[in-house]
Amino acid sequence: MILFVNTIGKKAYLGLFDNKKNLLSETFFEIKGNESSLLLPKLEEFLEKNNVDYFQIENFVLVNGPGSFTGVRTAVLTINTINFITKKNITPLSYFDLFKSFPIIKSSSKRDSFFQKDNFSEIEIWENQKIKEFLEEKNISKINGDAEIEKIEILENIDYCDIIKNIEFKDFKQVEALYIKKPNIS
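In structure tokens, the structure reads:
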């Protein structure tokens with residue numbers, strides 16, 4: 004079985020797929036700001052509902068960032084710990100790998116966002132005002148991702164089934180959190 008975990012988006016996602024990559028079950032839920040207290044109970048509840056235990060999962064697919072420091076760290080630590088015990092495989096994906104078209108945005112703070120303008124550019128941190136000006140200059144009114152920018156429609160249409168169908172699984176035993184900037188810890 005395959006377990007897909009995304010706690011980075013607007014809504015967290017858990018998806019269970021068979022080894023032929025067919026969707027068996029999925030759930031979306033609110034988690035923002037509560038990753039450390041909600042992820043493991045939600046994961047346990049989801050697997051129990053589907054009569055699955057961790058040892059039946061052959062591949063974990065994990066969105067490992069970028070996002071909030073605590074949110075990213077919690078998801079990575081949770082899956083790494085489970086995999087330390089089960090000794091299966093983890094395939095990491097960036098939040099930006101979830102979309103087929105560009106530009107893509109992911110909120111970083113009230114003032115700025117992670118931004119990738121096209122498939123040839125790096126993920127960078129831009130001020131939201133600069134992103135808005137760039138989009139207006141290019142006459143772009145809709146983009147993919149998760150953020151709030153005045154007069155710009157931001158779509159978070161993620162086709163998890165399509166991602167699983169096209170994924171090349173990795174055999175990592177642990178993964179690192181994907182950080183674009185250093186955490187702001189005081």
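Quick note: the sequence shown uses the numbering used here, first residue 4, plus one each step.
Backbone N, C-alpha and C fix where the C-beta goes; we use that ideal spot for every residue, glycine too.
Quick caveat, the model's predicted, so the values are computed rather than measured.
Burial state of residue i, where buried means 16 or more other Cβ atoms lie within 10 Å
i	result
residue 122	exposed
residue 36	exposed
residue 88	exposed
residue 84	exposed
residue 149	buried
residue 44	exposed
residue 96	buried
residue 27	exposed
residue 9	buried
residue 38	buried
Coarse secondary structure for residue i, derived from DSSP in three states
i	result
residue 136	helix
residue 63	strand
residue 121	coil
residue 174	coil
residue 104	coil
residue 74	helix
residue 48	helix
residue 153	coil
Through-space distance from residue j to residue i, alpha-carbon basis
i	j	result
residue 197	residue 139	Nothing about residue 197 can be reported from this structure: the residues present for the chain run from 4 to 189 only.
residue 171	residue 93	11 angstroms
residue 161	residue 99	11 angstroms
residue 56	residue 137	47 angstroms
residue 60	residue 91	7 angstroms
residue 115	residue 22	39 angstroms
residue 16	residue 146	21 angstroms
residue 157	residue 53	33 angstroms
residue 108	residue 14	15 angstroms
residue 127	residue 82	26 angstroms
residue 66	residue 131	23 angstroms
residue 129	residue 110	10 angstroms
residue 141	residue 176	42 angstroms
residue 113	residue 119	18 angstroms
residue 104	residue 169	16 angstroms
residue 46	residue 25	19 angstroms
residue 12	residue 71	10 angstroms
Cβ-Cβ separation, residue j to residue i (assumed contact under 8 angstroms), whole Å
i	j	result
residue 5	residue 62	5 angstroms
residue 7	residue 20	7 angstroms
residue 42	residue 78	6 angstroms
residue 159	residue 135	In fact, because the Cβ distance is near 18 angstroms, the residues do not count as touching under 8 angstroms.
residue 58	residue 30	21 angstroms between Cβ atoms; not a contact.
residue 183	residue 69	5 angstroms
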